[in-house]
Structures are given as C-alpha cells and as structure tokens.
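Chains as they are written, first to last, in our numbering: chain P, 14 to 410; chain L, 14 to 410.
From the three backbone atoms N, C-alpha and C, an ideal C-beta is built for every residue, glycine too.
Remember, it's a predicted structure, so these values are computed and weren't measured experimentally.
See below for the structure under consideration.
Number of protein chains: 2
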Amino acid sequence: MNTTPSHPTFGILGARPRFNTLLVGDTTYLPAPERYESIFRDIFARQYYTNQGPLTSQLEQRLSVLHGMRHVVCVTNATIGLIMAAEAMELRDQVVVPALASTSVLQSLAWAGLEPIFCNIDSSTHQMNIGHVTDILNQNRGAISGILAVNQWGSICDAPALRSLASRFGIHLYFDSVHAFANVVNGASIGSLGDVEVFSLHSSQIMGGAEGGFLCTNDDALAARLRNIRSSYGAGTFTAVAKTSNGRMSEAQAALGLLHLDDFPQLQSRNLALLQRYESGLEKVSGLRLLKPSDTCNSNYAYVVCQVDESVFGMSRDRLIAVLKAENINARHHPCLEASLAYIAPEEDQLQHSVDVIRNYFQLPLGVDVSVHDVDQVCAVLAEARTYATMLKKIEV
Amino acid sequence: MNTTPSHPTFGILGARPRFNTLLVGDTTYLPAPERYESIFRDIFARQYYTNQGPLTSQLEQRLSVLHGMRHVVCVTNATIGLIMAAEAMELRDQVVVPALASTSVLQSLAWAGLEPIFCNIDSSTHQMNIGHVTDILNQNRGAISGILAVNQWGSICDAPALRSLASRFGIHLYFDSVHAFANVVNGASIGSLGDVEVFSLHSSQIMGGAEGGFLCTNDDALAARLRNIRSSYGAGTFTAVAKTSNGRMSEAQAALGLLHLDDFPQLQSRNLALLQRYESGLEKVSGLRLLKPSDTCNSNYAYVVCQVDESVFGMSRDRLIAVLKAENINARHHPCLEASLAYIAPEEDQLQHSVDVIRNYFQLPLGVDVSVHDVDQVCAVLAEARTYATMLKKIEV
Chain P
14 MNTTPSHPTF
24 GILGARPRFN
34 TLLVGDTTYL
44 PAPERYESIF
54 RDIFARQYYT
64 NQGPLTSQLE
74 QRLSVLHGMR
84 HVVCVTNATI
94 GLIMAAEAME
104 LRDQVVVPAL
114 ASTSVLQSLA
124 WAGLEPIFCN
134 IDSSTHQMNI
144 GHVTDILNQN
154 RGAISGILAV
164 NQWGSICDAP
174 ALRSLASRFG
184 IHLYFDSVHA
194 FANVVNGASI
204 GSLGDVEVFS
214 LHSSQIMGGA
224 EGGFLCTNDD
234 ALAARLRNIR
244 SSYGAGTFTA
254 VAKTSNGRMS
264 EAQAALGLLH
274 LDDFPQLQSR
284 NLALLQRYES
294 GLEKVSGLRL
304 LKPSDTCNSN
314 YAYVVCQVDE
324 SVFGMSRDRL
334 IAVLKAENIN
344 ARHHPCLEAS
354 LAYIAPEEDQ
364 LQHSVDVIRN
374 YFQLPLGVDV
384 SVHDVDQVCA
394 VLAEARTYAT
404 MLKKIEV
Chain L
14 MNTTPSHPTF
24 GILGARPRFN
34 TLLVGDTTYL
44 PAPERYESIF
54 RDIFARQYYT
64 NQGPLTSQLE
74 QRLSVLHGMR
84 HVVCVTNATI
94 GLIMAAEAME
104 LRDQVVVPAL
114 ASTSVLQSLA
124 WAGLEPIFCN
134 IDSSTHQMNI
144 GHVTDILNQN
154 RGAISGILAV
164 NQWGSICDAP
174 ALRSLASRFG
184 IHLYFDSVHA
194 FANVVNGASI
204 GSLGDVEVFS
214 LHSSQIMGGA
224 EGGFLCTNDD
234 ALAARLRNIR
244 SSYGAGTFTA
254 VAKTSNGRMS
264 EAQAALGLLH
274 LDDFPQLQSR
284 NLALLQRYES
294 GLEKVSGLRL
304 LKPSDTCNSN
314 YAYVVCQVDE
324 SVFGMSRDRL
334 IAVLKAENIN
344 ARHHPCLEAS
354 LAYIAPEEDQ
364 LQHSVDVIRN
374 YFQLPLGVDV
384 SVHDVDQVCA
394 VLAEARTYAT
404 MLKKIEV
C-alpha cells in the first residue's frame with residue numbers, strides 16, 4: 014500500500030532536489046564563439062593589446078552615444094574607477110555612502126584616504142534615504158566633501174534630491190552605477206546623474222567585459238583629469254594630476270564589452286519577462302516582498318531581490334536560503350555587496366533599520382540559464398516553504 | 014661627370030633613410046595565432062574569465078617553479094603590484110628609491126602615501142649606489158621605512174649589500190624587477206632578493222601578458238596579505254588587511270603569459286646574440302659606452318643601453334637620437350622610465366651626477382623584428398655619426 018506524504022517533499026528533509034543541477038542564475042553571458050574568435054583575430058593581427066587601443070576607443074564612443082554623454086573613460090575595473098573618481102575630484106575627509114555599500118565602494122574610499130559616513134536606506138527600494146542624508150549633512154557641515162550615491166539593484170536612487178543637496182552644501186556628488194547600466198529616467202539615460210558615474214563590466218554584471226568598467230561625465234576638465242590619472246602615459250589632453258595609476262583597459266576587455274553591448278537589448282527583454290513571471294508567481298506569497306524597479310523608466314531588470322518579513326513568512330531569511338539551496342536553487346546574498354555591515358557599529362541605533370533590511374533580503378536566480386519554467390518551479394518552492402514554514406524552521410541543518 | 018660625396022649621406026641631411034621603414038625594435042612579441050586561438054577557445058568553453066581562474070593558477074605555479082619561490086601572486090598590472098606590496102608591508106613615511114625611477118615606482122609610492130628619497134645611481138651600471146643609500150639611511154634614521162630597489166635594464170643591483178643595510182636599519186626591502194625577468198645570480202633565480210619582488214607582464218616587457226604582473230615572496234604571511242589585498246573576495250587564506258583592491262589577473266592575461274613563457278628561452282637567446290653583435294660593432298666607437306649586464310649570470314638581455322660622453326663623441330645624446338631617427342632607427346629614451354627627473358630639484362647637488370647620467374643614455378632597437386644585419390647597419394650609422402659629429406651637430410633640426 015502506497016503512502017501519500019501529507020506535505021510536499023523538500024530537499025532539506027532529504028528528498029531529491031527539485032532541480033537536478035544547480036540553477037545558478039547569475040548574469041554571466043557568453044557571446045557566440047565565432048564572433049569573439051573573429052574579433053580576437055583582429056586584435057592579434059594588429060598587435061595592439063592595450064593602452065587606448067582601437068576597440069577601447071570604439072567602446073568608449075558607443076557608450077558615449079548610448080548614454081548621451083560627452084565623455085566615457087574606460088578602465089580595467091570599476092574599483093579603480095571609483096578610486097580615480099575620488100582622486101580626480103580631490104575629495105577630502107568624509108564621504109556619505111548608503112548603509113548598503115559594497116566592498117568596492119568602501120575600499121575605494123580607503124585607498125583615497127576617505128572616511129565613509131553611512132546613511133539609511135529605504136526598505137521598499139534599498140536606495141539612500143534622502144531625509145537621513147540631509148540630517149547628516151546638516152550635522153557634519155564642513156567635514157563632508159562628497160556623496161557617493163549607489164544605484165542599487167538595477168534601479169536608481171533619488172538623484173534630483175541628492176543633486177540639490179550637493180549643490181546646497183557645495184560638495185561633490187558621484188555615483189556607483191555598477192548595478193544600473195542602461196537605466197533611463199524621465200527620458201534621460203543614466204550617466205549624467207552626478208559629477209561622474211562609475212559602471213562595471215565585471216563578468217557578474219549585466220554588461221560584461223570579463224573585468225572592466227567605465228566612467229561617464231559631462232565635465233571636460235574632470236574627464237581630462239580622469240584620463241591622466243588612468244595611465245601614466247597616454248590618452249587625451251595633458252592635465253597635471255597628483256597621482257596616476259594603471260587603470261588602462263585592454264583590447265580583450267573592450268572586445269568582450271563590444272560583443273556584449275550588441276546583445277544587451279535581448280538580454281534586457283529576457284530579464285524583464287522573467288522578472289514579471291517572478292512578480293506574478295510571488296504576489297500571493299505573504300511575508301515575501303519582491304523589490305520593484307524604482308525611479309527608472311527602463312531598468313536592466315537584472316536583479317530579483319526579495320525582502321523576507323520573518324514574522325509573517327514564518328521563517329528567517331537564512332533558513333529560507335538553506336531550504337532553496339537544498340532544492341539546487343541558488344538563492345543568495347553577497348557579503349561583498351553588504352561590506353558596510355562590518356563597518357557599522359552595533360550601537361549605531363540610527364542605522365539599525367538598514368541593518369535589519371540588509372539581513373533580510375536575498376536574490377533569486379535570473380539570467381541566460383534560467384527559463385520561465387524554472388521561475389515557476391522556484392515560485393512553487395517559495396509558496397510551499399511559506400505553507401510549511403513552521404515545520405521547516407524547526408529542522409536541524 | 015659624377016661627383017663622389019666627401020662623406021656618407023645622412024637622413025638628417027635630407028638623404029634617403031638607411032631603413033625604409035622604422036626599425037621599432039621593442040620587445041613586443043606575439044605567439045603563433047593557432048596557439049592563442051586554442052587557449053582562448055578553452056577559456057570561452059569554461060566560461061571562467063577572471064578571479065584566480067585555472068590559467069592564472071597555472072601561470073602562478075609555473076612562475077613559482079621557475080623562480081624557486083614559495084609564492085607567486087599574479088596581478089592585473091605591475092603598478093597595482095607595487096602599490097599592494099607597499100600596503101602589505103605597511104610602509105610609512107619615506108622610502109629610498111634610485112634617481113632613475115619610473116612613473117610606476119613613484120606613483121605607487123604616491124598612492125601608498127609615501128615620500129620617495131632618491132639615491133644616486135652608478136654611471137657604469139645605472140644601478141643604485143650603495144654608498145649613497147648608506148649615507149641616506151645614516152642621516153634619516155627613523156623616517157625611512159623601506160627601500161624600493163630597482164633592477165635596471167635586465168641586470169640586478171647589489172642586492173646582498175641592500176639586504177644587509179635593510180637588516181641593519183630594521184626596514185623593509187622590496188624590488189621593482191620589471192626589467193629583470195629571468196635573471197639568475199650566483200645560481201639563484203631572481204625573485205627572493207627582498208621581502209617581495211614585483212615583475213611586469215606589460216606588452217613592452219620581455220615576458221608579456223598584454224598587461225599583467227606578478228609578485229614573488231617566500232614569506233607566507235606576506236603572501237596571504239597580498240592575496241587578500243589583491244581582491245575583495247577570493248584566493249587563499251583569509252587575512253585581515255586594511256585595504257583590498259581589484260588587482261585580479263584575467264584568464265586572457267594568463268593565457269598570453271603562459272604562451273609567452275613557453276617561448277621565452279628562444280627570445281632570450283636571440284637577444285643575447287644581438288646584444289653581442291652590438292657589443293662588437295660598437296667597441297671601437299669612442300664616446301659611446303654600451304652597458305653590460307651587471308651582477309647577473311643570466312640576464313634577459315632585453316635592453317641595449319648606451320651612454321654618450323658628449324665631450325668624446327662630439328655630439329649630444331639628443332642630437333644623436335635625432336640623427337638615428339632620420340635613418341628610421343628607433344633610438345629612444347623613455348620619459349616614463351625617468352619620471353624621477355620631475356621630482357629632483359635642480360639644487361640637489363648630490364644627485365647631479367645621476368641626472369647627468371640619465372640625460373646621456375639612450376636605448377637601441379632589439380627584439381623579434383631586428384636582425385643581425387639590422388644591428389650591423391645601426392652600428393655603422395653610429396660609427397659614421399661619430400666620425401662626422403662635428404658637422405652633424407651644427408645642422409639646424
């Protein structure tokens with residue numbers, strides 16, 4: 014006689030996982046081999062490998078047109094881009110950053126000799142809380158030389174409000190737009206939100222160049238300084254700068270960037286379709302809130318981020334991640350995206366709200382290896398996890 | 014009736030140049046296309062582009078064996094390698110560097126918040142003058158935290174003397190070995206001369222990886238710190254460091270490095286043959302002295318460096334370079350290798366000797382595009398320039 018189980022089976026209880034292999038679902042993307050072989054053959058034929066080669070110039074030009082920006086400066090990675098930006102603007106003392114800030118953001122400040130001052134993030138969007146930024150600027154007048162705003166999760170923060178604050182306090186405003194490639198706000202492309210905006214072409218981003226990054230600015234003098242800081246020899250008008258570095262982009266990086274750029278619109282549409290599928294699949298799962306793209310008319314839709322309300326969902330974020338992992342679903346949160354947690358002292362009451370938000374979010378799989386059917390299965394597991402939360406949270410793991 | 018010219022014709026006098034096209038003669042080298050295509054196809058098949066990938070690990074291992082070192086840490090370029098080294102050793106205040114120091118050396122100190130203190134170089138070798146280093150350390154006891162020694166022109170400086178000084182004064186000693194790949198001294202490979210040694214894989218170097226570099230150390234703790242500074246996530250034992258960066262080497266860089274490494278012994282032999290040809294071709298040209306590899310048993314022989322004694326040769330270094338350029342011979346000196354000149358104040362009498370040396374050297378072509386016949390022609394032009402120096406130095410250019 015067969016026994017029907019009284020509840021769905023779960024991998025965490027020892028059952029076979031729903032997915033036979035790990036559903037990775039990051040944004041890593043690979044152009045067709047014949048295209049990269051052709052472009053690499055050209056690089057080797059030219060024997061021009063680095064230092065503002067023809068492909069890097071072409072990528073800068075295409076990105077300039079795409080963003081409607083006067084200057085795009087390609088670099089070998091976004092971390093050095095952030096350091097270069099701080100150096101080019103000659104920031105001093107303190108810089109305001111959101112409580113959700115990556116290793117790259119915080120380390121760029123360390124290398125530039127700057128101290129981060131954290132502001133709260135809004136729980137609904139994970140973007141900087143403007144009221145808190147205002148309070149900080151009012152309290153710290155003088156010691157703060159800039160705001161490093163982060164456009165989190167394929168959306169953008171309240172840039173007009175930040176611009177108005179920066180102008181009022183006479184400080185610099187620049188953006189980490191590593192997550193926000195291709196956003197369009199009120200008809201204007203991202204890129205011109207602040208004095209300078211920094212983007213990444215890391216292979217984990219929606220627009221990839223293996224490693225790589227670029228900076229956008231409309232300020233001619235700042236662009237000249239950035240080009241002179243990027244390399245001790247090289248491109249553009251000579252400008253006296255105190256420091257130069259090696260932030261040169263290689264032709265190999267530019268080649269991958271150009272190929273990726275061709276394919277980006279398709280990837281973006283595909284992301285949107287999957288994100289909408291997640292939205293409908295999760296709308297009835299109480300205690301789980303999917304972040305919607307905020308303050309943008311055209312996100313890259315590359316991030317499926319959920320906020321868990323443990324009191325309603327019945328299970329902690331970390332337990333839920335364990336349940337999903339046992340089904341071979343790559344649910345995750347990234348220590349390197351929340352590096353700020355190591356900087357925020359437990360007694361900083363005013364940031365406690367942000368810390369709680371950061372401790373209760375996670376990302377779900379999205380990308381070229383994820384199908385609509387996969388999304389349906391993930392949503393089904395989440396709904397079942399909600400239903401059986403009381404039981405699942407008691408298991409020893 | 015034909016008139017026979019009373020002297021050889023010179024390009025600078027309007028004659029046809031000796032070389033129809035520019036004899037570039039730098040060390041840029043390109044492996045055979047089918048080899049890089051095969052290795053790149055593997056990278057794309059693995060979809061592993063960066064962050065301590067299998068090729069980077071393989072390159073580190075091969076370089077470890079080659080140098081007999083416990084640790085090789087590959088980085089995306091040598092400048093970031095030099096910055097990482099200063100940071101890993103927690104250098105403070107002042108660092109002794111030679112009066113012939115590159116932009117990369119000086120800028121790495123600037124980023125690490127350090128001040129360079131220049132010591133003289135020996136005119137016969139262009140290496141650091143140990144007597145002057147000793148004087149500086151005796152005079153500045155306390156404020157100097159390290160020596161950044163430079164192994165100039167495919168040779169090495171007096172490393173044992175520097176080690177003994179570093180030990181006596183309790184300071185760090187590290188090396189810029191960008192020019193010195195593959196040197197062997199007293200049976201021991203380069204790499205272990207100081208606390209850490211920094212090498213370059215820039216495409217202009219004898220060992221290339223488009224851009225790229227590596228650090229050698231036998232100190233386990235220092236290696237762990239370097240690996241943690243190199244990337245905010247990643248490779249090796251976790252070690253608390255104040256700063257991390259993005260110095261990750263890409264698989265594309267490692268691929269080129271591995272291919273180049275295979276071919277290095279052939280390139281080295283070829284360089285040696287050409288250098289010996291230059292030596293015999295120039296030995297009777299008075300006022301011109303070819304630097305010989307110093308303090309090394311096995312140079313990479315990648316640099317043909319001549320010192321001009323204007324009072325004997327009869328023409329200035331810069332005039333001679335102009336004469337050679339007019340023959341399509343790429344004689345040159347590199348502003349980025351002598352960036353120190355911009356730092357040394359004219360009133361620094363004690364460095365005047367070094368400044369004179371630096372203002373009177375130049376490099377001659379060497380590399381895969383240079384033949385023995387080319388070398389003979391270059392030597393012939395130099396001998397003729399010496400003979401007709403009095404006339405040539407008067408020409409308006």
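Residue-chain proximity (residue 371 of chain L, chain P), Cβ-Cβ < 8 Å: Residue mapping note: residue 371 of chain L aligns to position 358 of the second sequence, counting from 1. Output row for residue 371 of chain L: interface = no.
Bridge-paired residues (DSSP) for residue 111 of chain P: Along the first sequence, read from residue 1 onward, the residue named residue 111 of chain P stands at position 98. Bridge partners of residue 111 of chain P: P/132.
Residue 211 of chain P and residue 228 of chain P closer than 8 Å at C-beta: In the first sequence, residue 211 of chain P corresponds to position 198, counting from 1. In the first sequence, residue 228 of chain P corresponds to position 215, counting from 1. In contact: residue 211 of chain P and residue 228 of chain P (Cβ atoms closer than 8 Å).
Residues from the segment 90-105 of chain L in contact with chain P, defined by Cβ distance under 7 Å: 90, 92, 93
Closer than 8 Å to chain L by CB, residue 50 of chain P: As a first step, residue 50 of chain P must be located in the first sequence, where it is residue number 37. Closer than 8 Å: yes.
Own chain, CB closer than 6 Å to residue 14 of chain L, minus 5 neighbours either side, in chain order: Within the second sequence, residue 14 of chain L is the residue found at index 1, counting from 1. Unreliable placement is indicated for residue 14 of chain L, whose pLDDT of 46 sits below 50; no coordinate value is reported for it.
Anticipated Cβ contact below 8 Å, residue 299 of chain L with residue 321 of chain L, distance rounded: Looking up residue 299 of chain L in the second sequence gives position 286. Looking up residue 321 of chain L in the second sequence gives position 308. Rounded, the Cβ-Cβ distance is 11 Å, inconsistent with contact.
Cβ neighbours of residue 262 of chain P in the same chain (closer than 7 Å, five flanking residues each side left out): Here residue 262 of chain P refers to the residue found at position 249 of the first sequence. 69, 87, 88, 89, 225, listed in sequence order.
Residue 426 of chain P to residue 73 of chain L span [Cα, whole Å]: In the structure displayed, chain P extends from 14 to 410; residue 426 of chain P sits before or after that span and is not available.
Contact list for residue 46 of chain L against chain P, beta-carbon separation under 9 Å: Counting from one through the second sequence, the residue named residue 46 of chain L turns up at place 33. Here the neighbours are 54, 57, 58.
Close Cβ partners of residue 276 of chain P (< 8 Å) along its chain, the five nearest in sequence each way excluded: Walking along the first sequence from the start, residue 276 of chain P turns up at place 263. Excluding positions up to five away in sequence, the list reads 42, 44.
Beta-carbon neighbours of residue 107 of chain L, restricted to chain P and to distances below 9 Å: Against the second sequence, residue 107 of chain L aligns to sequence position 94. The contacting residues do not exist; residue 107 of chain L stays about 17 Å from chain P at best.
C-alpha gap between residue 397 of chain L and residue 407 of chain L, whole angstroms: The residue given as residue 397 of chain L occupies position 384 in the second sequence. The residue given as residue 407 of chain L occupies position 394 in the second sequence. Answer to the nearest angstrom: the Cα atoms are 15 Å apart.
Rounded distance between the beta-carbons of residue 110 of chain P and residue 131 of chain P, thought under 8 Å: Along the first sequence, one-based indexing puts residue 131 of chain P at 118. Along the first sequence, one-based indexing puts residue 110 of chain P at 97. Residue 131 of chain P to residue 110 of chain P, Cβ: 6 Å. Contact.
Any C-beta of chain L under 8 Å from that of residue 223 of chain P: The count along the first sequence starts at 1 and reaches residue 223 of chain P at position 210. So, interface residue.
Cβ-based burial, residue 336 of chain L [other Cβ within 10 Å; buried from 16]: Start at 1 with the first residue of the second sequence, and residue 336 of chain L comes out as number 323. With 16 or more other Cβ atoms within 10 Å, it is buried.
Nonlocal neighbours in the same chain, by C-beta distance under 8 Å from residue 201 of chain L, ignoring five residues either side: In the second sequence, counting from the first residue as 1, residue 201 of chain L sits at position 188. For residue 201 of chain L, where only same-chain residues beyond five positions count, the Cβ hits under 8 Å are 81.
Residue-chain proximity (residue 259 of chain P, chain L), Cβ-Cβ < 8 Å: Here the question's residue 259 of chain P lines up with position 246 in the first sequence. Chain L contact via Cβ: present.
Residue interval of the beta strand (DSSP E) (run including residue 317 of chain P): Position 304 of the first sequence, counting from 1, holds the residue named residue 317 of chain P. Unbroken beta strand (DSSP E) run through residue 317 of chain P: 317-321.
Residues near residue 222 of chain L in its chain [Cβ-Cβ closer than 6 Å; skip 5 each side]: To locate residue 222 of chain L, count along the second sequence from 1; it is residue 209. Once the five neighbours on either side are set aside, the close Cβ partners of residue 222 of chain L are 214, 266, 269, 270.
Simplified DSSP assignment, three categories, for residue 126 of chain P: To locate residue 126 of chain P, count along the first sequence from 1; it is residue 113. Note: residue 126 of chain P maps to coil in three-state DSSP.
Residue range of the alpha helix (DSSP H) that includes residue 56 of chain P: Taking the first residue of the first sequence as position 1, residue 56 of chain P is located at position 43. First-last of the alpha helix (DSSP H) with residue 56 of chain P: 46-59.
C-alpha distance - residue 283 of chain L paired with residue 137 of chain L, whole-angstrom precision: Walking along the second sequence from the start, residue 283 of chain L turns up at place 270. Walking along the second sequence from the start, residue 137 of chain L turns up at place 124. Roughly 24 Å between the two C-alpha positions.
Beta carbon of residue 288 of chain L nearer than 8 Å to that of residue 25 of chain L: Taking the second sequence and counting its residues from 1, the one referred to as residue 288 of chain L is at position 275. Taking the second sequence and counting its residues from 1, the one referred to as residue 25 of chain L is at position 12. No; because the gap between Cβ atoms is not below 8 Å, this pair is not in contact.
Pick from P/350, P/376, P/381 that is closest to residue 113 of chain P, judged by C-alpha positions: The residue labelled residue 113 of chain P in the question sits at position 100 within the first sequence. Nearest C-alpha to residue 113 of chain P: P/350.
Same chain, Cβ closer than 7 Å to residue 35 of chain P, neighbours up to 5 away in sequence not counted: Looking up residue 35 of chain P in the first sequence gives position 22. Only 341, 343 meet the Cβ criterion.
Whole-angstrom distance between residue 115 of chain P and residue 46 of chain P, CA atom to CA atom: Your numbering for residue 46 of chain P matches position 33 in the first sequence. Your numbering for residue 115 of chain P matches position 102 in the first sequence. Each residue's Cα considered, the two are about 33 Å apart.
7 Å Cβ cut-off: residues of chain P touching residue 43 of chain L: Locating residue 43 of chain L in the second sequence gives position 30, where the first residue counts as 1. 57, 60, listed in chain order.
Residue-level contact to chain P via CB, residue 9 of chain L, 8 Å cutoff: For residue 9 of chain L there is no data in the structure shown, the boundaries of chain L being 14 and 410.
Beta-carbon proximity check, residue 93 of chain L vs residue 259 of chain P, cutoff 8 Å: As a position in the second sequence, residue 93 of chain L is number 80, starting the count at 1. As a position in the first sequence, residue 259 of chain P is number 246, starting the count at 1. In this structure, residue 259 of chain P lies closer than 8 Å to residue 93 of chain L by Cβ.
Residue closest to residue 248 of chain P, alpha-carbon to alpha-carbon, out of P/67, P/39, P/22: For the purposes of this step, residue 248 of chain P is taken as the residue at position 235 of the first sequence. Answer by Cα proximity: P/67.
Interface flag, residue 14 of chain P vs chain L, CB-CB below 8 Å: Residue numbering aside, residue 14 of chain P sits at position 1 when the first sequence is read from its first letter. Here the model assigns residue 14 of chain P a pLDDT of 46, short of 50, so the residue's position is not dependable and the matter cannot be decided.
Assigned secondary structure, residue 201 of chain P (DSSP; H/G/I helix, E/B strand, else coil): Mapped onto the first sequence, residue 201 of chain P falls at position 188. Strand, per DSSP.
Burial state of residue 273 of chain P, where buried means 16 or more other Cβ atoms lie within 10 Å: As a position in the first sequence, residue 273 of chain P is number 260, starting the count at 1. Buried, by the Cβ-count rule.
Collapsed DSSP secondary structure at residue 226 of chain P in the structure displayed: The residue labelled residue 226 of chain P in the question sits at position 213 within the first sequence. Strand at residue 226 of chain P.
Below-8 Å beta-carbon distance, residue 349 of chain P vs any chain L residue: As a working mapping, residue 349 of chain P is identified with position 336 in the first sequence. So, interface residue.
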